[in-house]
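Engineer: What the sequence shown shows, in mature numbering (1 follows the signal peptide of the UniProt record, and there is no 0), is residues -25 to -1, 1 to 430, in sequence order.
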Amino acid sequence: MKYVLPVVGTVAAVGLFAFSTANQAALAVEKPSYSDTFEQLDLFADVMARVRSDYVVEVEDGELIEDAINGMLQSLDPHSSYVNPDDFLRLQEQTSGRYVGVGMEVTQEDGYVKVVSPIDGSPAKEAGIKSGDYITEIDGKTVLGLSLTEAVNIIRGETGESVTLTIARIDEEPQDITLIRRAVDRAVVTHEIKDGVPYIRISQFNEKAAPGLVEAIAQLRRDVDGKLPGVILDLRTNPGGLLDQSIKISSAFLDGGEVVSTRGREGADQQSYTAEPGQLLKGVPVVVLIDEASASASEIVAGAIQDRGRGLVMGMTSFGKGSVQSLIPLRGGRDGALRLTTQRYYTPSGRSIQGTGIDPDLFVSSYPNDGEDHTRMSEADLPNSILNEDAEEIVDDSVTEDGVTDDTTEDAAEDEMIIDYPPEGFVIQDDHQLQQAIALIKSGDYDQRLAELQN
């Protein structure tokens, strides 16, 4: 027998996700032992009753239950959460490409709000907020003690209202930045000709991503009178988005075949997603740019192009989010939705990048080799991050017989990662990664480098 578990609550979290939607039937699970379960629920009721009667100040029952639900979900992994009705509406607005806010993807680290990436064309981007910035105060009040959802809800507001964020950066004094909230219409796909090479940037995978890519390719063809010498696909700082958009985007580069597969609990419910035949960029050299903030759906696209030998991936190892969340409306959405991690995804070669990320074919850094730590947070750094058993096996294979690394194995690992750093005096704003991608396509060495990787 199966049953449907109804869930109610109100706190939403902001995360990085490639998600699919599902109805309440997706909540069906095997019936547990009712005796054990109800004993534990009785314990919860006893604790709640004691809080109601004896806590130093009066608290709302609804708030207690909501926080309990979120505690349960947040103990599972960083991306599962309850989405209250208001946040559910905002989430739908965001995936459609338009919402009111300051325009940035955020996570939480050490109690502070950390910027994953500002959205192109948003107040945050225009004010100079960067990936890796920490938000320590909102309108003069510390964010310590706030959940991520609470902090996000304070930052959000109505069009025309202002919010002041205190931004902390490594080795810099904190600074206050005042932003005016407005409707953020995400132009998620931008394109131009850079030094003679067609360039496409996708900042997020919402519903406008795939149509925007088709339009960008058509316009770039017109700009170069039909024949494309190559294309640079920039997925840096792209936190992901909709799973179906990653499939459609990949179809522009792949002529059919698998893009990604997903597997549920213990390998169940395996499903393969394939590209549509008739790629738009057939025969066109492709360089995909990724960095430590490329996550989720971005990694699906980069992994598919890499595994299928369709292009070269350049940059630094990506974020490493290898899970898929189902967005499950509760009571038709009237009670919000449950965002639940239901599957892992695997690249066409069968690898999971959970916690490890996509290693580029060509390691190119945006930062100089100056001894400073320029690394960013990855999926593996998040609390309760899902373990990648496949990665554990890879580590085991790389150590010596006694189970520990030695100078030989460490040197071998370092030899495999040859990083191209900007030359001394190079200005970071000049974008060393992009310059190297342009140089590769213009040099005529693209085919040789791609062939070397396939042999």
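Just so you know, even glycine gets a beta-carbon here, dropped at the ideal spot from N, CA and C.
Check whether the Cβ atoms of I192 and A227 sit closer than 8 Å, and answer yes or no.
Structural biologist: It is a contact, given that the beta carbons lie within the stated cut-off.
Engineer: Return the first residue and the last residue of the alpha helix (DSSP H) that T82 is part of.
Structural biologist: T82 -> not in any alpha helix (DSSP H); beta strand (DSSP E) instead, spanning 79 to 84.
Engineer: If A143 sits next to T111, beta carbons under 8 Å apart, how far is it from one beta carbon to the other, in whole angstroms?
Structural biologist: Their Cβ separation, rounded to whole angstroms, is 5 Å, which keeps A143 and T111 in contact under 8 Å.
Engineer: Could you tell me the distance, in whole angstroms, from the CA atom of K169 to the CA atom of L264?
Structural biologist: For K169 and L264, the distance between alpha carbons rounds to 14 Å.
Engineer: Taking just the CA atoms, how far does Q408 sit from D381?
Structural biologist: With a pLDDT of only 42 at D381, under 50, the local geometry of the prediction cannot be trusted, and the value read off the model is given with reservation. About 32 Å.
Engineer: Would V288 and Y320 be called neighbours here (beta carbons separated by less than 8 Å)?
Structural biologist: No. Outside cutoff.
Engineer: From V75 to G308, what does the alpha carbon distance come to, in whole angstroms?
Structural biologist: Their Cα atoms are separated by approximately 21 Å.
Engineer: For I145, is the classification buried or exposed, using 16 other Cβ atoms within 10 angstroms of its Cβ as the cut-off for buried?
Structural biologist: The residue is exposed, with fewer than 16 neighbouring Cβ atoms inside 10 Å.
Engineer: Within 10 Å of its beta-carbon, does N430 have 16 or more other beta-carbons around it, so buried, or fewer, so exposed?
Structural biologist: Burial call: exposed.
Engineer: Could you pull out every residue in the same chain whose Cβ sits closer than 6 Å to the Cβ of E147, ignoring the five residues on either side in sequence?
Structural biologist: Hits under 6 Å: none found.
Engineer: Could you tell me how far apart the beta carbons of G232 and A270 are, in whole angstroms, since I believe they sit closer than 8 Å?
Structural biologist: No, G232 and A270 are not in contact; Cβ-Cβ is about 24 Å, not under 8 Å.
Engineer: Measure the beta-carbon distance from L203 to P252 and round it to whole angstroms, keeping in mind my assumption that it falls under 8 Å.
Structural biologist: At roughly 20 Å, the Cβ-Cβ gap does not stay under 8 Å, so L203 and P252 are not in contact.
Engineer: Taking C-alpha atoms, which residue in G290, G239, R285 lies nearest to L315?
Structural biologist: Out of G290, G239, R285, G239 has the C-alpha closest to the C-alpha of L315.
Engineer: Could you compute how far the alpha carbon of L48 sits from the alpha carbon of V261?
Structural biologist: Their backbone Cα atoms lie some 40 Å apart in a straight line.
Engineer: Tell me whether the beta-carbon of residue 462 lies closer than 8 Å to the beta-carbon of G135.
Structural biologist: The question about residue 462 has no answer, for the chain in this structure spans -25 to 430.
Engineer: Residue range of the beta strand (DSSP E) that M289 falls in?
Structural biologist: From DSSP, the beta strand (DSSP E) with M289 extends over 287 to 290.
Engineer: By alpha-carbon positions, which one of G297, T350, D405, Y342 ends up nearest to G325?
Structural biologist: Residue G297 is the option with its Cα nearest to G325.
Engineer: Below 8 Å on the Cβ atoms is my guess for V90 versus K100; work out the distance and round it to an integer in Å.
Structural biologist: 10 Å between Cβ atoms; not a contact.
Engineer: Is the beta carbon of D282 less than 8 Å from the beta carbon of L428?
Structural biologist: Going by C-beta atoms, D282 is not nearer than 8 Å to L428.
Engineer: Smallest Cα separation from A250: which of I222, S236, A277, L195?
Structural biologist: Closest by alpha carbon: I222.
Engineer: Can you tell me where the alpha helix (DSSP H) holding H407 begins and where it ends?
Structural biologist: 407 to 418 is the extent of the alpha helix (DSSP H) around H407.
Engineer: In angstroms with no decimal places, state the Cα-to-Cα distance between I394 and D405.
Structural biologist: Near 18 Å, if we compare the C-alpha coordinates of D405 and I394.
Engineer: How should K183 be labelled, buried or exposed, when 16 other C-beta atoms within 10 angstroms of its C-beta is the threshold for buried?
Structural biologist: It is buried - the Cβ of K183 has at least 16 other Cβ atoms within 10 Å.
Engineer: Using 8 Å for Cβ pairs, my map puts G330 next to E364. What's the rounded Cβ distance?
Structural biologist: Their Cβ separation, rounded to whole angstroms, is 10 Å, which puts G330 and E364 out of contact at 8 Å.
Engineer: Per DSSP, what kind of secondary structure is T134 in: helix, strand or coil?
Structural biologist: Note: T134 maps to coil in three-state DSSP.
Engineer: Taking only runs that begin and end inside the stretch 300 to 327, name each unbroken beta strand (DSSP E) of 3 or more residues, in chain order.
Structural biologist: 312 to 321, all fully within the stretch 300 to 327.
Engineer: From this set, D95, Y109, D310, G120, which residue's C-alpha is nearest L64's C-alpha?
Structural biologist: Cα-wise, what sits closest to L64 is D310.
Engineer: For N181 versus V163, is the C-beta spacing smaller than 8 Å?
Structural biologist: Yes, these two residues count as a Cβ contact at 8 Å.
Engineer: Count the other CB atoms, across all protein chains shown, that sit within 10 Å of the CB of V402; report buried if there are 16 or more and exposed otherwise.
Structural biologist: Answer is exposed; the Cβ neighbour count stays below 16.
Engineer: Please name the residue in G286, V339, F294, P343 whose C-alpha comes closest to that of Q423.
Structural biologist: Nearest C-alpha to Q423: G286.
Engineer: Which residue from S418, K257, T141, S50 puts its Cα closest to that of R196?
Structural biologist: Selected option, being the one with the closest Cα: K257.
Engineer: Along the alpha helix (DSSP H) that carries L229, what are the first and last residues, could you check?
Structural biologist: First-last for L229: undefined, no H or E at that position.
Engineer: Would you mind sorting Y109 into buried or exposed? The rule is 16 or more other CB atoms within 10 Å of its CB.
Structural biologist: With 16 or more other Cβ atoms within 10 Å, it is buried.
Engineer: Quick check on this structure: which residue in T322, Y87, L362, P323 has the alpha carbon closest to the alpha carbon of G107?
Structural biologist: Ranking T322, Y87, L362, P323 by Cα distance to G107 puts Y87 first.
Engineer: Within this structure, are the beta carbons of G22 and V34 separated by less than 8 Å?
Structural biologist: In the sequence under discussion, the amino acid at residue 22 is Val, which differs from the Gly named in the question. No, Cβ-Cβ distance for V22 and V34 is not below 8 Å.
Engineer: Below 8 Å between beta carbons: does that hold for S273 and L229?
Structural biologist: No.
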